[in-house]
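What follows is a set of notes on a single structure, which appears directly below.
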Amino acid sequence: MKIKDLEKLEEKIDRDFSWRKVELLQIKMAIEKNNVSLSKKTLVRSGIALLCAHWEGFIRSVSNYYVVYICCQKIQSKYLKENFLAFKIKQDVRKSGESSKNSVHTKFLLRIVDLQEEIFSIRFSDIPEKRIINTDSNLSFELFDEILKSIGLENIYETKRNYIDNEMLKYRHEIVHGESYRDTEYDFTEVYDQVMSIMESFKFQVIEAAEEKKYLKQIENSNII
Numbered sequence: 002m003k004i005k006d007l008e009k010l011e012e013k014i015d016r017d018f019s020w021r022k023v024e025l026l027q028i029k030m031a032i033e034k035n036n037v038s039l040s041k042k043t044l045v046r047s048g049i050a051l052l053c054a055h056w057e058g059f060i061r062s063v064s065n066y067y068v069v070y071i072c073c074q075k076i077q078s079k080y081l082k083e084n085f086l087a088f089k090i091k092q093d094v095r096k097s098g099e100s101s102k103n104s105v106h107t108k109f110l111l112r113i114v115d116l117q118e119e120i121f122s123i124r125f126s127d128i129p130e131k132r133i134i135n136t137d138s139n140l141s142f143e144l145f146d147e148i149l150k151s152i153g154l155e156n157i158y159e160t161k162r163n164y165i166d167n168e169m170l171k172y173r174h175e176i177v178h179g180e181s182y183r184d185t186e187y188d189f190t191e192v193y194d195q196v197m198s199i200m201e202s203f204k205f206q207v208i209e210a211a212e213e214k215k216y217l218k219q220i221e222n223s224n225i226i
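For this note's numbering, count along the sequence shown from 1 and bump the result up by 1.
Set out below in structure tokens:
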């Protein structure tokens, strides 16, 4: 996958957001109208599962699009913020940490020096566990925060923590494990609105970061393309 310019990045993010929004809006309307053959309880349970799936899928997809876009800019790693270099040295960090040999640690340090001069590039494969960024089928607020840090974005969503962990994910876990609950205890519309607002805000945050080249180190920002 190649995302060479801002227009392509926006197009991919918009397309990804749009189809998810349509699906979620359809089930939200069905729940609110409550005039279909399925019971409201069944619809709400389905809606929670779908909301979680789209929440996880959107954050994962857009985060990967952003990193792929940066790779396509052909920038030397030394000009990028350190969080991007971290993607390149994960295996080296593990090997170095597992060894007590000075030679291994020296090799690790030299690897970092060499990477600084290389063009930043990561091969992307849209396969679970092989993506640049994964969500581990359970995108909690803590993991969302880690993803934001890994792509160099500020976490502006602290006030949404409760909706992610204690509303959406809590009920999702009960559903996938076959537990029952009373639908009167769950306001799907409210959580839908909150989660959709996070997704839309994240969408604009990533696009803005690409437009303003926030992936670059501040001291170099004015000297790179």
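The beta-carbon is built from N, C-alpha and C at its ideal position, and this holds for glycine as well.
Opening and closing residue of the alpha helix (DSSP H) in which residue i lies
i    : result
C72  : 41-72
Y258 : Residue 258 lies beyond the stretch modelled for the chain, which goes from 2 to 226, so this question has no answer here.
E33  : 7-34
L154 : No alpha helix (DSSP H) holds L154; DSSP gives it neither H nor E.
F85  : 83-89
L170 : Per DSSP, L170 belongs to no alpha helix (DSSP H) and is neither H nor E.
N103 : 103-118
Burial state of residue i, where buried means 16 or more other Cβ atoms lie within 10 Å
i    : result
M197 : buried
S126 : exposed
F189 : buried
F18  : buried
A87  : exposed
K161 : buried
L39  : exposed
S143 : The question names Ser, but residue 143 in the sequence shown is Glu. By the 10 Å Cβ count, E143 comes out exposed.
CA nearest to the CA of residue i, picked from the options
i    : options                : result
S64  : L39, K108, L111, I4    : I4
R61  : E83, K131, C72         : K131
F121 : Y193, E201, R173, Y80  : Y80
R21  : Y158, Y70, L51         : L51
L154 : E118, K214, L111       : K214
V68  : F205, F85, D6, I199    : F85
K91  : I76, L110, S101, K102  : L110
M169 : M200, I76, V192, N35   : V192
D15  : Q219, D146, L217, Q206 : Q206
Euclidean distance between Cα positions of residue i and residue j
i    : j    : result
W56  : Q74  : 28 Å
E8   : Y164 : 32 Å
L44  : K13  : 30 Å
D194 : H106 : 49 Å
C53  : F203 : 16 Å
N222 : R46  : Because N222 carries a pLDDT of 49, less than 50, the predicted location of this residue cannot be relied on, and the following value inherits that uncertainty. C-alpha separation (whole angstroms): 47 Å.
L116 : S104 : 18 Å
R124 : E212 : 23 Å
M2   : N135 : 17 Å
S101 : I71  : 35 Å
Y158 : E201 : 12 Å
*asked:* So, does the segment 134-151 touch the segment 25-35, judging by three or more C-beta pairs under 8 Å?
replied: no
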